[in-house]
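Trainee:
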Amino acid sequence: MRQIWKSFRALYFASLMMLIGSGLLSTYLGLRLAADHVDSLWVGALMAANYFGLVLGGKIGHRLIARVGHIRAYAACAGIVGAAVLGHGLINWLPAWLFLRVIVGLGMMCQYMVIESWLNEQAEAKQRGLVFSGYMIASYLGLVLGQLILVLHPALGLELLMLVALCFALCLVPVALTRRIHPAPLHPAPMEPRFFIKRVPQSLSTVMGAGLIVGSFYGLAPLYASQQGLSTEQVGLFMGSCIFAGLLVQWPLGWLSDRYDRALLIRCFALCLAVAALPLAIMTQVPLEVLFIAGFLCSLVQFCLYPLAVAFSNDHVEGDRRVSLTAMLLVTYGVGASIGPLVAGVLMKLFGSHMLYAFFSFFALVLVWRIRPKAVTNLHQVDDAPLHHVAMPDSMSSSPLVAALDPRVDEQVVQDQMQNPIDPDPAPEPDPAPETDPPADDPNAPREQSFTEARP
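One point on numbering: in the UniProt record's numbering, the residue at position 356 of the sequence shown is 356, and numbering is uninterrupted.
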């Protein structure tokens with residue numbers, strides 16, 4: 001692992017600086033609008049605009065990279081993002097801020113695509129799991145450090161925007177100074193939404209729910225904490241502890257995921273989230289100790305939903321479709337994360353700040369209702385399921401090209417689907433048998449998945 005860090009430290013540093021800036025910007029904007037007594041609807045809309053930009057960037061970023069190359073595309077996007085960040089300090093018109101947030105999300109997605117292309121180019125096949133883990137740690141750590149900056153500098157002045165722009169300037173340095181040639185261009189994977197909606201509907205439902213919840217958390221939790229009477233320093237500590245919980249839980253989650261039925265785990269974690277969020281959903285004014293403990297517990301389980309859904313879906317999709325699956329999951333997550341902050345922002349505006357955690361509890365219960373382990377047919381379960389669990393960064397810190405780093409995806413499949421030209425008119429796929437609700441006379445009738453021990 002030490003050798004991995006040494007070999008990839010420049011790219012990890014670039015990711016770290018990007019996420020420090022992104023995490024600080026999201027919390028800063030929420031607190032700034034709260035200080036100006038702006039409706040929570042606008043705060044949610046700003047985060048929704050950021051995720052919309054991320055989804056849009058995943059569609060058009062590869063065209064920019066193909067046109068001007070990786071280094072120029074990365075440098076151009078970092079400059080544009082830095083300028084958009086500073087634009088928040090020059091313009092106080094909220095509709096303009098929405099546009100700037102779209103630009104920030106779009107530019108950052110292009111930067112993610114460049115970094116992930118480079119990581120994939122430099123990583124050997126046997127190293128991809130460790131390289132992937134290092135990338136995830138750098139991403140989560142950047143988000144945590146971005147929140148802790150508010151503890152050291154609680155004043156909500158233009159200095160924080162300058163610091164965010166400074167982070168995006170520094171993330172340019174390791175990429176601009178590289179002596180390596182451009183990595184091979186990676187094409188976007190075909191999405192095949194119809195196929196995956198029929199094949200892994202429960203996984204997609206979980207990913208959509210995770211996007212609704214986690215996207216609302218990033219955008220509106222700072223506003224919620226501020227309206228509970230926390231100071232700027234305390235809001236930074238609250239957000240930092242919650243995001244750190246998401247990093248902390250990934251290792252025990254992997255142990256559980258490799259040993260127990262993943263559909264059952266998703267349902268259990270969703271139920272735990274509904275229960276953990278209930279005190280914050282009911283109480284309009286929460287004591288500080290309860291707020292930190294309940295917020296930490298909610299984050300422990302809410303950050304489990306997406307990686308569990310990824311692992312569950314990979315168990316039921318053939319290896320040659322896993323690149324497309326990753327792209328489909330990230331886009332689904334991004335759509336949910338674009339909708340969630342808007343809906344939660346409206347609820348907070350109408351009924352009070354505590355409705356944020358009521359929103360979490362409600363959609364967690366929807367997942368409890370939607371995920372039915374006994375309805376899993378196992379008709380398309382891969383032979384070596386359960387596949388080894390891999391903690392996946394979400395679309396807040398990755399692009400669809402992250403599939404190239406996933407050790408569960410065969411390297412030859414990546415070469416075939418993401419480096420060779422894609423057939424613009426692929427043959428139509430037959431409708432796959434659904435993951436749920438098979439015919440009553442099917443010999444493989446629905447049955448509960450058996451608990452499976454981890455494979456060596």
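Quick reminder that beta carbons are idealized off the backbone N, C-alpha and C, glycines included.
Which full runs of the alpha helix (DSSP H) of 4+ residues lie inside the stretch 226 to 314, going along the chain?
Mentor: Whole alpha helix (DSSP H) segments, 4+ residues: 232 to 248, 250 to 257, 262 to 282, 288 to 302 and 305 to 314.
Trainee: Run the proximity test for Val249: is its beta-carbon closer than 6 angstroms to any non-hydrogen atom belonging to the ligand ZN?
Mentor: Questions concerning the ligand ZN fall outside what the structure shown contains, since it holds no ligand whatsoever.
Trainee: In chain order, what residues of the same chain have a beta carbon less than 7 angstroms from the beta carbon of Tyr140, not counting five sequence neighbours either side?
Mentor: Excluding positions up to five away in sequence, the list reads Ile243, Gly246 and Leu247.
Trainee: Using CA atoms only, rank isn't needed, just tell me which of Arg321, Gln111, Cys110 and Val81 is closest to Trp97.
Mentor: Nearest of Arg321, Gln111, Cys110 and Val81 to Trp97, Cα basis: Val81.
Trainee: Taking buried to mean at least 16 other C-beta atoms within 10 Å of its own C-beta, is Gly229 buried or exposed?
Mentor: Its Cβ having fewer than 16 others within 10 Å, Gly229 is exposed.
Trainee: In its own chain, which residues sit with a C-beta less than 6 angstroms from the C-beta of Gly129, not counting the 5 before and 5 after it?
Mentor: The answer, listed in chain order, is Pro407.
Trainee: Do the stretch 207 to 220 and the stretch 45 to 64 meet, that is, are 3 or more Cβ pairs less than 8 angstroms apart?
Mentor: Segments in contact, yes.
Trainee: According to DSSP, is Phe8 helix, strand or coil?
Mentor: Correct three-state label for Phe8: helix.
Trainee: Could you compute how far the alpha carbon of Val290 sits from the alpha carbon of Ala281?
Mentor: Cα-Cα distance, rounded: 12 angstroms.
Trainee: Is the separation between the beta-carbon of Gly236 and that of Leu150 shorter than 7 angstroms?
Mentor: Result yes, Cβ atoms of Gly236 and Leu150 sit closer than 7 angstroms.
Trainee: Which two residues bound the contiguous alpha helix (DSSP H) that contains Val38?
Mentor: Taken as a continuous stretch (DSSP letters only), Val38 belongs to no alpha helix (DSSP H), as it is neither H nor E.
Trainee: In chain order, what residues of the same chain have a beta carbon less than 6 angstroms from the beta carbon of Ala274, not counting five sequence neighbours either side?
Mentor: Contacts found: Ser361, Ala364 and Leu365.
Trainee: As a quick exercise: from Cys110, Gly240, Val85 and Pro287, pick the residue whose alpha carbon is nearest that of Arg67.
Mentor: Nearest of Cys110, Gly240, Val85 and Pro287 to Arg67, Cα basis: Cys110.
Trainee: Work out the CA separation of Met18 and Phe8 for me, nearest whole Å.
Mentor: About 16 angstroms.
Trainee: When the distance is taken between beta carbons, is Ala403 closer than 7 angstroms to Thr326?
Mentor: Contact flag set, yes.
Trainee: Helix, strand or coil for Trp369, going by three-state DSSP, please let me know.
Mentor: If DSSP states are grouped into helix, strand and coil, Trp369 belongs with the helices.
Trainee: What's the C-alpha gap between Leu177 and Ala73?
Mentor: The alpha-carbon atoms of Leu177 and Ala73 are separated by roughly 14 angstroms.
Trainee: Can you tell me where the alpha helix (DSSP H) with Ala404 in it begins and where it stops?
Mentor: First-last for Ala404: undefined, no H or E at that position.
Trainee: Taking Thr27 as the reference, which of Ser299, Ser397, Gly345 and Leu223 has the closest Cα?
Mentor: The option with the nearest alpha carbon to Thr27 is Leu223.
Trainee: Just the Cα atoms here: how many angstroms apart are Asn314 and His153?
Mentor: Roughly 43 angstroms between the two C-alpha positions.
Trainee: Would you mind giving the Cβ-Cβ distance between Val85 and Phe168, rounded to the nearest angstrom? I have them listed as a contact below 8 angstroms.
Mentor: Yes, they are in contact, since the Cβ atoms of Val85 and Phe168 sit about 7 angstroms apart, within 8 angstroms.
Trainee: Whose C-beta lies closer than 6 angstroms to the C-beta of Ser203 among residues of the same chain, with five residues either side of it excluded?
Mentor: These residues qualify, in order along the chain: Ala309, Phe312 and Ser313.
Trainee: Using CA coordinates, which residue listed in Gln234, Ile4, Leu161 and Gly134 is at the minimum distance from Leu288?
Mentor: Of the candidates Gln234, Ile4, Leu161 and Gly134, the one whose C-alpha sits nearest the C-alpha of Leu288 is Gln234.
Trainee: Taking the C-alpha atoms as reference points, what is the distance between Ile60 and Leu46?
Mentor: So the alpha carbons of these two residues sit roughly 21 angstroms apart.
Trainee: By the 10 Å Cβ neighbour count, where 16 or more other Cβ atoms means buried, how is Gly157 classified, buried or exposed?
Mentor: So Gly157 ends up on the exposed side.
Trainee: Spatial neighbours of Leu256 within its chain, please: CB distance less than 7 angstroms, with the 5 preceding and 5 following residues excluded, ordered by chain position.
Mentor: Here the set comprises Leu265.
Trainee: Taking its Cβ as the centre, do 16 or more other Cβ atoms sit within 10 Å of Ala231, making it buried, or is it exposed?
Mentor: Note on identity: in this sequence residue 231 is Ser, with Ala being the wrong assignment. Result: exposed.
Trainee: Are there 16 or more other CB atoms within 10 angstroms of the CB of Met162, so buried, or fewer, so exposed?
Mentor: That one is exposed.
Trainee: Cα-Cα, which of Leu330, Trp42, Leu25 and Leu387 is closest to Glu318?
Mentor: Nearest option by C-alpha distance: Leu387.
Trainee: How is Pro434 classed by DSSP in three states: helix, strand or coil?
Mentor: Only weak support exists for where Pro434 lies, its pLDDT of 49 falling under 50; the value from the coordinates is given anyway. Coil.
Trainee: What is the C-beta distance between Met113 and Ile71, in whole angstroms, given that I count them as a contact (C-beta under 8 angstroms)?
Mentor: Actually they are not in contact, since the Cβ atoms of Met113 and Ile71 sit about 13 angstroms apart, beyond 8 angstroms.
Trainee: So which of Gly219, Ile339 and Ser353 has the shortest CA-CA distance to Thr284?
Mentor: The residue with the shortest Cα to Cα distance from Thr284 is Ser353.
Trainee: For the alpha helix (DSSP H) containing Ser133, list its first residue and its last residue.
Mentor: Element bounds for Ser133: Arg128 to Leu152.
Trainee: Under the three-state reduction of DSSP, which class applies to Asn120: helix, strand or coil?
Mentor: In the structure shown, Asn120 sits in a helix (DSSP, three-state: H, G or I).
Trainee: For Ser40, which residues in the same chain have their Cβ closer than 7 angstroms to its Cβ, ignoring the five residues on either side in sequence?
Mentor: Taken in chain order, the residues that qualify are Leu220, Leu223, Gly345, Met348 and Lys349.
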